[in-house]
Amino acid sequence: MNLISIPALADNYIWLLYNDKRQCLVVDPGEAAPVLKVLSDRHLTPVAIFLTHHHYDHVGGVAEFQRYFPVPVYGPEETCDKSATQIVSEGDSLIVLDQTFRILAFPGHTLGHIGFYGAPWLFCGDTVFSAGCGRLFEGTPKQMYTSLQKINQFPSETLICAAHEYTLSNLQFASFLLPRDKIIAGYQSKIKQLRLRNQPSLPTTLHLERLINLFLRCHDIDLQKKLNTYSSPGEEWNVFAALREKKDKF
Numbered sequence: 000m001n002l003i004s005i006p007a008l009a010d011n012y013i014w015l016l017y018n019d020k021r022q023c024l025v026v027d028p029g030e031a032a033p034v035l036k037v038l039s040d041r042h043l044t045p046v047a048i049f050l051t052h053h054h055y056d057h058v059g060g061v062a063e064f065q066r067y068f069p070v071p072v073y074g075p076e077e078t079c080d081k082s083a084t085q086i087v088s089e090g091d092s093l094i095v096l097d098q099t100f101r102i103l104a105f106p107g108h109t110l111g112h113i114g115f116y117g118a119p120w121l122f123c124g125d126t127v128f129s130a131g132c133g134r135l136f137e138g139t140p141k142q143m144y145t146s147l148q149k150i151n152q153f154p155s156e157t158l159i160c161a162a163h164e165y166t167l168s169n170l171q172f173a174s175f176l177l178p179r180d181k182i183i184a185g186y187q188s189k190i191k192q193l194r195l196r197n198q199p200s201l202p203t204t205l206h207l208e209r210l211i212n213l214f215l216r217c218h219d220i221d222l223q224k225k226l227n228t229y230s231s232p233g234e235e236w237n238v239f240a241a242l243r244e245k246k247d248k249f
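Residue numbers (numbering that gives the first Met the number 0): 0 to 249.
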C-alpha cells in the first residue's frame with residue numbers, strides 16, 4: 000500500500016491510500032481539483048471516500064468529486080447531509096482495498112468526529128496533529144482528552160495521518176512552554192528545514208508524538224508546573240484543559 004498527502008486549501012492535507020491494483024481511497028477531500036489531478040497523473044481509480052467530520056474544509060470537495068467518481072462515502076452521522084452515503088460509528092469496521100479499518104469515536108473538535116484505523120495508518124482528521132491537537136469547537140476538554148488517550152493506546156509505530164500542516168506552529172508553542180526540552184528543540188529545527196523545502200511534516204508516528212506532543216504529556220510534572228495546574232492520576236484532563244486554553248491564546 001502507498002500513502003500520499005495531497006496539499007489543499009490553505010494548510011489541509013487530503014490523504015490518498017492506494018494498492019498495487021491502482022485502486023485508492025480518499026480521506027477528507029476538502030476540495031476536489033487536487034485529488035482529481037493526482038488520480039489522473041498516477042492513473043488511480045478511487046473506490047471509497049472516508050470523512051472524519053462535517054467541517055467544510057474536510058467535505059467541501061465531495062459533491063464535485065462524485066460527479067466523476069460516484070463511490071461510497073463513509074462518514075459519521077454529522078456528515079449525513081454533506082454527501083456521506085453510509086453512516087459509520089465506533090464499533091463498525093470496513094474492508095476497503097483488502098484492508099480492515101476500525102471506526103473510532105473521537106469527540107472533541109466536533110461532537111461526532113470519528114477516525115479510521117487500519118494498521119499502521121490512523122486517519123484522525125482534526126483530533127491530533129503533530130505536536131498538537133484540534134480546537135474544541137463543539138466538545139469538552141474531557142472529551143478531547145479521552146479521544147487523545149484512545150489514540151495513545153495504539154502501537155508506537157502507528158502512522159498519524161492528521162489533516163493539517165500545523166507542526167511548526169505547534170512546536171513553537173511547545174518550545175515556548177518547555178524551552179529546555181532537547182527533543183522538542185531538535186525536532187523544531189528539523190521541521191524548520193523541512194518546511195523551507197516545502198516538504199510535508201506528516202504523517203508522523205505515535206512514538207514521536209509521545210515525545211514532542213504536549214497534549215499527550217499531561218502527566219508530565221514539568222508541564223504541570225509550567226501551567227500551574229496539577230492533577231491526580233486519572234484526572235489529567237484538567238491539565239489538558241489548561242494547556243488547550245493557553246494554546247488558544249498563544
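Glycine included, each C-beta is placed from N, C-alpha and C at the ideal position.
Range covered by the beta strand (DSSP E) that runs through residue i
i    : result
L15  : N11 to Y17
P69  : Where P69 is concerned, there is no enclosing beta strand (DSSP E), given that its DSSP letter is neither H nor E.
L2   : N1 to A7
V25  : Q22 to V26
V58  : No beta strand (DSSP E) contains V58, which is instead part of the alpha helix (DSSP H) from Y55 to V58.
L93  : S92 to V95
A161 : L158 to A161
For residue i, the three-state DSSP class (helix, strand or coil)
i    : result
H112 : coil
S231 : coil
R295 : Because the chain spans 0 through 249 in this model, residue 295 falls outside it and cannot be assessed.
Q198 : coil
R101 : strand
A269 : The first residue shown for the chain is 0 and the last is 249, placing residue 269 beyond what the model contains.
F214 : helix
G107 : coil
A47  : strand
L135 : coil
F122 : strand
T203 : strand
A184 : helix
V87  : coil
F128 : strand
Exposed unless 16 or more other CB atoms sit within 10 angstroms - verdict on residue i
i    : result
P154 : exposed
N169 : buried
T51  : buried
A9   : exposed
K246 : buried
D27  : buried
T40  : For the record, residue 40 in the displayed sequence is Asp; it is not Thr. Exposed.
R243 : buried
Y116 : buried
G111 : buried
I94  : exposed
G114 : buried
F249 : exposed
Rounded Cβ spacing between residue i and residue j (contact assumed at less than 8 Å)
i    : j    : result
A31  : E63  : 4 Å
F68  : T109 : Contact doesn't hold; Cβ gap of about 26 Å is too wide.
G107 : G60  : Incorrect: roughly 24 Å between the Cβ atoms, too far for contact.
Segment limits, alpha helix (DSSP H) that includes residue i
i    : result
P140 : P140 to I150
P33  : A32 to R41
L226 : I220 to L226
Check your understanding: Counting pairs of beta carbons, one from the stretch 129–137 and one from the stretch 152–167, are three or more of them closer than 8 Å?
Key -> yes
**Study point:** the stretch 188–201 touching the stretch 210–228, judged by at least three CB pairs closer than 8 Å
**Key:** no
**Study point:** Inter-stretch contact at 8 Å, needing at least 3 Cβ pairs: the stretch 39–54 / the stretch 196–204
**Key:** no
Check your understanding: So does the stretch 132–150 actually touch the stretch 220–237, counting three or more Cβ pairs closer than 8 Å?
Key -> yes
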